[in-house]
Each structure stands twice: as C-alpha cells, then as structure tokens.
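Chemist: Residue numbers (the working numbering), protein chains in the order written: chain Y, 1 to 454; chain B, 1 to 168. C-beta atoms are modelled at their ideal positions from N, C-alpha and C, and glycine is treated no differently.
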Amino acid sequence: MNDNPKKPGKGTAAASAPPAPPRRDWRTSPGFETRAIHAGTPPDPTTGARIMPIYHTTAYVFDDVDHAASLFDLSTFGYIYSRLTNPTVAALEERVASLENGRGATACASGHAAQLLAFFSFMDPGDQFVASRKLYGGSITQFGKTFKKFGWEAIFVDPDDPRNFERALTPKCKAIFVENLANPGGVVVDIEPVAAIAHKAGIPLIVDNTLATPFLCRPIEWGADIVIHSMTKFLGGHGNSMGGVVVDSGRFDWAQNDKFAGLTEPEAAYHGLRFHETFGDMALVMHMRAVGLRDLGPALSPTNAFLILTGTETLALRMRRHCENALAVAAFLERHPAVSWVSYAGLASSPYHALAAKYMPGGAGGVFTFGVKGGYEAGIKVVEACELLSHLANIGDTRSLILHPASTTHRQLTEAQRVAAGAGPDVIRLSIGLETVDDIIADLDQALATARNS
Amino acid sequence: MADHDHYPDGLLRKVLGSVRTIAMVGASPDWHKASSFAMKYLQSKGYRVIPVNPRAAGRSILGETCYARLADIPQDETGRIDMVDVFRNSAAAGPLADEAIAIGAKVLWMQLGVRNDAAAARAEAAGLTVVMNRCPKIEYGRLNGELSWGGFNSRIISSKRRRPAAAR
Chain Y
1 MNDNPKKPGK GTAAASAPPA PPRRDWRTSP GFETRAIHAG TPPDPTTGAR
51 IMPIYHTTAY VFDDVDHAAS LFDLSTFGYI YSRLTNPTVA ALEERVASLE
101 NGRGATACAS GHAAQLLAFF SFMDPGDQFV ASRKLYGGSI TQFGKTFKKF
151 GWEAIFVDPD DPRNFERALT PKCKAIFVEN LANPGGVVVD IEPVAAIAHK
201 AGIPLIVDNT LATPFLCRPI EWGADIVIHS MTKFLGGHGN SMGGVVVDSG
251 RFDWAQNDKF AGLTEPEAAY HGLRFHETFG DMALVMHMRA VGLRDLGPAL
301 SPTNAFLILT GTETLALRMR RHCENALAVA AFLERHPAVS WVSYAGLASS
351 PYHALAAKYM PGGAGGVFTF GVKGGYEAGI KVVEACELLS HLANIGDTRS
401 LILHPASTTH RQLTEAQRVA AGAGPDVIRL SIGLETVDDI IADLDQALAT
451 ARNS
Chain B
1 MADHDHYPDG LLRKVLGSVR TIAMVGASPD WHKASSFAMK YLQSKGYRVI
51 PVNPRAAGRS ILGETCYARL ADIPQDETGR IDMVDVFRNS AAAGPLADEA
101 IAIGAKVLWM QLGVRNDAAA ARAEAAGLTV VMNRCPKIEY GRLNGELSWG
151 GFNSRIISSK RRRPAAAR
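What follows is the structure in structure tokens.
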C-alpha cells in the first residue's frame, strides 16, 4: 500500500500546481487515511446505520441446532458469545489488521492481555523466548515475574546489537519479542535483522508497535510476524478506553518444525481439530479467539471498541501533530539549562536517530524522556509543579502527560532494571499531546524553574 | 495466462455468483476436516456440492453420494457440474484439470496451498476460468462480510449498504 507519511514540519505542498491524477486505485489499494476511517466499518447491513453500532449483547441466537453445532465446531462464520466475538469488536479488529497490513487480529481488554493471548497460543511450560530488555516496565514485570508462573521464561537481552538475540537463543525458544519504539526511553530497535534471526531459528518475531502506531511504522513490512498494541494509547488516542490487540501477518508457517504443537497438533476441546491445517493463515487469530479468549477471558467491551474505533479515524492527523509537538518540546528541553539530556529519536543528538529515520520517517512519536539536573528529588518536583501537563500513568492521549517513572510505573523494578529500561532516578517521561505547543513548552519551563528555585 | 497471484474481487464474485453445482475432489467423510467444513458451508449458501473421493466412493457425505472420479458423476442426475474444487495437492491437480475439462466444467478452483500453473494453462486454453491457492468458503465469506465477523482483513472498503447474506 502506498502510505509513506512525509516528515512533519516541512510545510504543505505548493498550492499553485493542480493535483496529479491518482495512479493508485483506492478500491484495490486504499490509502492509510482511507483505511483508518473505512476499514471494518461498512454501513450496518440491517439498519443502514453509517457508524458502527455498539452491539451491547452477550450472546447471539442460533438459527437451529445444526447452525449452533456448526458455530461451536468452528465450521462456519458467526457469533456465539461476546467473550469470543462481538460485531463492534470485530470491526475494530479488522480496522487495525488493515492498518498494519495483517491477515487478521484479535482484540482484548488491554495491551497486557494481548501479550498474554499471543504467547498463550504457542507457549508450553518449560518454553522460553528472547525479549529486548528495553521494554515498557509493565512488560518486563509481566514477562519476568508473572509469566514464570506459567513456566514461561523470558531471556532479556540488550536490543542495541541485533546479534544479542541470536546469541541468547536456545532450542526451547519459541519467539523473539521487541518494542520497536520503546516506552519510555526513545529506543528504536533494528527489527529487520532481528526478524531474519528469528526466521532462521524457525520462530516468529513479535513486535510491540504501541508507540509508533501503524501510521509511523508497520513492522509486518519489515519482517515481523505478529504485532501487538496497547490500543489504550495512540490508537484510541483520547485516554478514555483500555484495549489491546494482536495482529497476525498470516505469514508464519507454524508447521515448519515441531515447536508449535498448540497450533499444529489436534485440539482436544475441538474434536481433534488442527488449527494450522484447518485454518491456514488464519490459524493464530482463530486460536487466540477460540482457545485464548474462551479460556482466559479478557474480552474487550463493545463500548471500548466503539470509542477506540472513533479514535483510529483520526490516527494520521493526530500522529502528525504528536510528532510535530514532541519534536518542538524536545528541542526546547535540549537547550534548557536545567535539563541534562533529552532522549528523543527525532533529535539529531539521539543515537537512534538513523534507525528512526529508517523505520519511522514520518516522525519519532509523541513519547520521550529527559533527565533533570538534581536527580530523583528534582524529578519529582518538576512533575508536581506542572499545571497543564497531567501527572498520571498513561501515554498516547490528546492531553500532554508527565510522569517520573522511577517513583511510579517502574518502581517495581530493581535499580539496575530501571536504568536498563531507561527509567533511572533523574528520568522524566513525557507524552506530548495536541495542545498549542507554546503552552506545553511554557508549562514545562515554569515547572523546571519552580523545581530549581524550591 | 491470467494473473494467478491476484484475483480481482469482481472475478471472484462472478465465479461464485454463476456456479450452482460444485464437484469437490478430496471431500472427506471425516466431519472435522477442512474439506468437510467447506462443503457444509457451501451447502448452507445454496450450492449443491458433489463429493469425489475414491476412498469414500458409494458412501454418503453430508447427504450427497460420493463418487470415485469426476467422470463417474451422473450429471443427468446431479445437474451439470459448473465447478471442480480441488482439495488435493498441487501435483494431483494436473490430471484433475484434464478430467475437469473432459466433464465440461466451467471453473477449475484449487484450494489454499494448491497451485499448478501448467494445469491452469491447459484449463484456460480449454475455456475454463481458473482460481488457485484460494478457498471458496473463505472468499465467499470475505466478499459477503462474514470473514470480517472473525476480525479478518477483508480488504474491502465500501460506503454501500450490504444486504445480509442469506441462503440462496
């Protein structure tokens, strides 16, 4: 698909030249913005409602016993129970699958639930996976502590050298997991060689694309097999709804080796059905729904799905402005005397600037960190002195948000883990919103002054 | 030869909208096999599906008598076979293409994962429309909005109201 967003801040095209006739047929190759508004949401067939209705129902009537049997056997398409499928949720799943150029998607209650669902489909007790150690702190805790209770072991490596993933692989490894633009540190992972390493080992690459969003980066186009989002962040974009999603490229061959028995061997609860043999490139999505959502239960509410669907319609507009504002704020902070460093991949000073230009030429996102002179105490004071930026533990909102990770989101980690994750004592995380950029800068300026003078 | 990497939605709609009777080669009496899922689904959409499988010849599959070979189907009883759906491997699709031509089918359809360009070229030369590496159940569901119910990417965008798909 033709969607290469231009770098922000370059101004608009000259108004004098008439627009060139489109060379692409939108019917077969619709643009990103078109898909963000239309994919998954044709008019409602029954009522003609143009907006996807909120289907608030737990269950769906069967035509007859035979129809019910076909649905329970997974031999036909249709809805049974909203723990597994719901029309409003399905519309959102198709929307995100389209934006990521995936085969399909399974949505669920949160980004954490999405990670659980993805791994649950092919991990068994005793299995391992290799993960970047520069991940969102909540992911490190989920992988490093809670997953252990399932007998799943995460092997964490420094993602800055892709070869670290290869060195850490063991015969028990079932996947490689990275966050392509990591929260909070502004770390960009070189996912193309990591995908090659995963495929050489016969395992999938899973990419958390929450911060970049499919507007800035589509990991499947760089070789990723599975993409995960916390839709709570930029996809929903307005800080009003939790949600997660797993997008499957449909390209990974689960039968290429004997590592993925859950998808290739008979499933007892479905009369010995083999998901990969029966559903081919739809196997993972079907499994996450028919087994994962069925038995783990983290279904997404149709109301949340509706709110997130509405958010996705403006994703391109919002991400352009998030990137523009974040770059302006980062440049301001880099020159500020109370700031010791700024880690934003959109700045030329960032060691990840070249990787960001490769993977997300439209901008480096809206989330980044900076170091305040004076360490832990100064960090807390800056956060508390803000009057426009909101002090809370979320990102990807229209509102600008500020957080001191060491005392909040990352406080459950060890000091060493915090530093490795880019959440040391002096670190402040910003999620730059869509307010007037001068106002965001003015609020940070007064907060830095207040912290220094107190 | 036609482009067999991409099929326009219009072509698939035309094929699925024009055929009525389908011979499914490789149909399985085992109800939880993919071929059985596809046969039952296509029956529910109003197609008549005649199973062909030498190992199940003479048996009844989903209410239809199974035949050993395409040539054994009594078309005066079943009605003309419009389409041959190949649920076999790519090599087996070669001779099946010739049999499909011989029985007068209009469409040769090879299932997901099945592709045989030489067989397709012979069938096209004989005037058949050929679709390869696709599943008619999935394509029918995709074109009629049902695949979207499962969160799959239908790649269809339209502001037109789609009538609910009903049995034909």
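Using a C-beta to C-beta distance shorter than 7 Å, which residues of chain B count as neighbours of E277 of chain Y?
Modeler: In the first sequence, residue 277 of chain Y corresponds to position 277, counting from 1. Per Cβ cutoff of 7 Å: A34.
Chemist: Considering just the uninterrupted stretch of the beta strand (DSSP E) at S400 of chain Y, what are its terminal residues?
Modeler: Walking along the first sequence from the start, residue 400 of chain Y turns up at place 400. No beta strand (DSSP E) holds S400 of chain Y; DSSP gives it neither H nor E.
Chemist: Scan the stretch 148 to 159 of chain B for residues whose Cβ lies nearer than 8 Å to a Cβ of chain Y and list them as they occur along the chain.
Modeler: Under the 8 Å Cβ criterion, the stretch 148 to 159 of chain B contributes S148, W149, G150, G151, F152, N153, S154, R155, I156, I157, S158 and S159.
Chemist: For the beta strand (DSSP E) holding P266 of chain Y, just list the boundary residues, first then last.
Modeler: In the first sequence, residue 266 of chain Y corresponds to position 266, counting from 1. P266 of chain Y -> no beta strand (DSSP E), and no H or E assigned at all.
Chemist: Using a beta-carbon distance below 9 Å, is W26 of chain Y in contact with chain B?
Modeler: Start at 1 with the first residue of the first sequence, and residue 26 of chain Y comes out as number 26. Interface residue, yes.
Chemist: Going by beta carbon distance, what residues of the same chain come within less than 6 Å of V285 of chain Y, once the five residues before and after it are set aside?
Modeler: Counting from one through the first sequence, the residue named residue 285 of chain Y turns up at place 285. Cβ neighbours of V285 of chain Y beyond the five flanking positions: G104, T106 and D248.
Chemist: I need the boundaries of the alpha helix (DSSP H) containing F147 of chain Y, first residue and last residue.
Modeler: Within the first sequence, numbered from 1, the residue matching residue 147 of chain Y stands at position 147. Note, F147 of chain Y: premise wrong, no alpha helix (DSSP H); not H, not E.
Chemist: Would you call the stretch 84 to 96 of chain B in contact with the stretch 104 to 111 of chain B, where contact means no fewer than 3 C-beta pairs closer than 8 Å?
Modeler: The stretch 84 to 96 of chain B vs the stretch 104 to 111 of chain B: in contact.
Chemist: What are the complete beta strand (DSSP E) segments, minimum 3 residues, inside the stretch 34 to 113 of chain Y?
Modeler: The stretch 34 to 113 of chain Y contains these whole beta strand (DSSP E) runs: 104 to 108.
Chemist: Would L16 of chain B pass as a contact of Q43 of chain B if the rule is Cβ separation under 9 Å?
Modeler: As a working note, residue 16 of chain B is residue 16 in the second sequence. As a working note, residue 43 of chain B is residue 43 in the second sequence. Contact: no.
Chemist: How many Å lie between I440 of chain Y and P337 of chain Y at the Cα?
Modeler: Along the first sequence, read from residue 1 onward, the residue named residue 440 of chain Y stands at position 440. Along the first sequence, read from residue 1 onward, the residue named residue 337 of chain Y stands at position 337. Near 18 Å, if we compare the C-alpha coordinates of P337 of chain Y and I440 of chain Y.
Chemist: Please list the partners that Y41 of chain B has in chain Y, where partner means a Cβ-to-Cβ separation under 7 Å.
Modeler: In the second sequence, counting from the first residue as 1, residue 41 of chain B sits at position 41. What Y41 of chain B touches in chain Y: S75 and T76.
Chemist: Considering C173 of chain Y, what are the terminal residues of the beta strand (DSSP E) in which it resides?
Modeler: Along the first sequence, one-based indexing puts residue 173 of chain Y at 173. That run of the beta strand (DSSP E) goes C173 to E179.
Chemist: Between the alpha carbons of A385 of chain Y and L448 of chain Y, how many angstroms are there, rounded?
Modeler: Here residue 385 of chain Y corresponds to residue number 385 of the first sequence, with the count starting at 1. Here residue 448 of chain Y corresponds to residue number 448 of the first sequence, with the count starting at 1. Using only the alpha carbons, I get a separation of about 8 Å.
Chemist: Out of Y:I140, Y:T46, Y:V89 and Y:G48, point me to the one whose CA is closest to Q412 of chain Y's CA.
Modeler: Numbered from its first residue, the first sequence carries residue 412 of chain Y at position 412. Comparing Cα positions, the closest option is Y:I140.
Chemist: Quickly, what does DSSP pair Q128 of chain Y with across the bridge? List them, please.
Modeler: Here residue 128 of chain Y refers to the residue found at position 128 when the first sequence is read from its first residue. Note: Q128 of chain Y sits in a beta bridge opposite Y:E153 and Y:C173.
Chemist: Look up Y67 of chain B in the DSSP assignment and say whether it is helix, strand or coil.
Modeler: Start at 1 with the first residue of the second sequence, and residue 67 of chain B comes out as number 67. Correct three-state label for Y67 of chain B: strand.
Chemist: Going along the chain, which residues of its own chain have a beta-carbon closer than 7 Å to the beta-carbon of E100 of chain Y, five neighbours each way excluded?
Modeler: Residue 100 of chain Y sits at position 100 when you count from the first residue of the first sequence. These residues qualify, in order along the chain: P214, R218, I220, V227 and V247.
Chemist: Check whether the stretch 72 to 82 of chain Y touches the stretch 41 to 49 of chain Y, taking contact to mean three or more Cβ pairs, one atom from each stretch, closer than 8 Å.
Modeler: No contact exists between the stretch 72 to 82 of chain Y and the stretch 41 to 49 of chain Y.
Chemist: Let me check understanding here. Comparing Cα to Cα, which of Y:L315, Y:L389 and Y:F370 lies closest to D438 of chain Y?
Modeler: Locating residue 438 of chain Y in the first sequence gives position 438, counting from the first residue. D438 of chain Y has its Cα closest to that of Y:L389, out of Y:L315, Y:L389 and Y:F370.
Chemist: If the cut-off is 8 Å on Cβ atoms, which residues from the stretch 347 to 363 of chain Y count as contacting chain B, listed in chain order?
Modeler: From the stretch 347 to 363 of chain Y, no residue has a Cβ closer than 8 Å to chain B.
Chemist: Any beta-carbon of chain B closer than 9 Å to the one on V342 of chain Y?
Modeler: Here the question's residue 342 of chain Y lines up with position 342 in the first sequence. No, its Cβ sits nowhere closer than 9 Å to a Cβ of chain B.
Chemist: Within 10 angstroms of the Cβ of M1 of chain B, are there 16 or more other Cβ atoms? Answer buried if so, exposed if not.
Modeler: To locate residue 1 of chain B, count along the second sequence from 1; it is residue 1. Classification of M1 of chain B: exposed, given that the 10 Å Cβ count is below 16.
Chemist: Going by DSSP, what residue range makes up the beta strand (DSSP E) through V114 of chain B?
Modeler: To locate residue 114 of chain B, count along the second sequence from 1; it is residue 114. Counting along the chain, V114 of chain B falls outside any beta strand (DSSP E), and DSSP gives it neither H nor E.
Chemist: Is DSSP giving H229 of chain Y helix, strand or coil here?
Modeler: Taking the first residue of the first sequence as 1, we reach residue 229 of chain Y at position 229. In the structure shown, H229 of chain Y sits in a strand (DSSP, three-state: E or B).
Chemist: With a cut-off of 8 Å on the beta carbons, I'd call V329 of chain Y and V372 of chain Y a contact; round off their distance for me.
Modeler: To locate residue 329 of chain Y, count along the first sequence from 1; it is residue 329. To locate residue 372 of chain Y, count along the first sequence from 1; it is residue 372. Contact flag wrong, Cβ pair sits at about 14 Å.
Chemist: Where DSSP assigns a beta bridge to G244 of chain Y, which residues make up the other side?
Modeler: In the first sequence, the residue the question calls residue 244 of chain Y occupies position 244. Y:C108 and Y:S230, per the DSSP bridge assignment.
Chemist: According to DSSP, is P136 of chain B helix, strand or coil?
Modeler: Within the second sequence, the letter at position 136 stands for residue 136 of chain B. Residue state, collapsed to three classes: helix.
Chemist: Determine whether the Cβ of H44 of chain B lies closer than 9 Å to any Cβ atom of chain Y.
Modeler: The sequence position of residue 44 of chain B within the second sequence is 44, counting from 1. The amino acid at residue 44 of chain B is misidentified as His; the sequence shows Ser. Cβ-Cβ to chain Y under 9 Å: yes for S44 of chain B.
Chemist: Beta carbon of P162 of chain Y, beta carbon of D127 of chain Y: below 9 Å?
Modeler: In the first sequence, residue 162 of chain Y corresponds to position 162, counting from 1. In the first sequence, residue 127 of chain Y corresponds to position 127, counting from 1. Not closer than 9 Å, so no.
Chemist: Once the 5 residues before and after R294 of chain Y are set aside, which same chain residues still bring their CB inside 7 Å of it?
Modeler: Here residue 294 of chain Y refers to the residue found at position 294 of the first sequence. Here the set comprises R83 and L84.
Chemist: Interface residues of chain B around G272 of chain Y at Cβ under 7 Å?
Modeler: Residue 272 of chain Y sits at position 272 when you count from the first residue of the first sequence. Per Cβ cutoff of 7 Å: H32.
Chemist: Of all Cβ atoms in chain Y, is any one closer than 9 Å to the Cβ of I138 of chain B?
Modeler: The residue given as residue 138 of chain B occupies position 138 in the second sequence. So yes, I138 of chain B belongs to the interface.
Chemist: For S297 of chain Y, which residues of its own chain have a beta-carbon under 8 Å away from its beta-carbon, when the five flanking residues on both sides are left out?
Modeler: Translated into the one-based positions of the first sequence, residue 297 of chain Y becomes position 297. Here residue 297 of chain Y is Gly; the residue named in the question, Ser, does not match the sequence. Hits under 8 Å: R83.
Chemist: Using the Cβ count rule (16 or more neighbours within 10 Å means buried), how would you classify K200 of chain Y?
Modeler: By one-based count along the first sequence, residue 200 of chain Y stands at place 200. Label assigned to K200 of chain Y: exposed.
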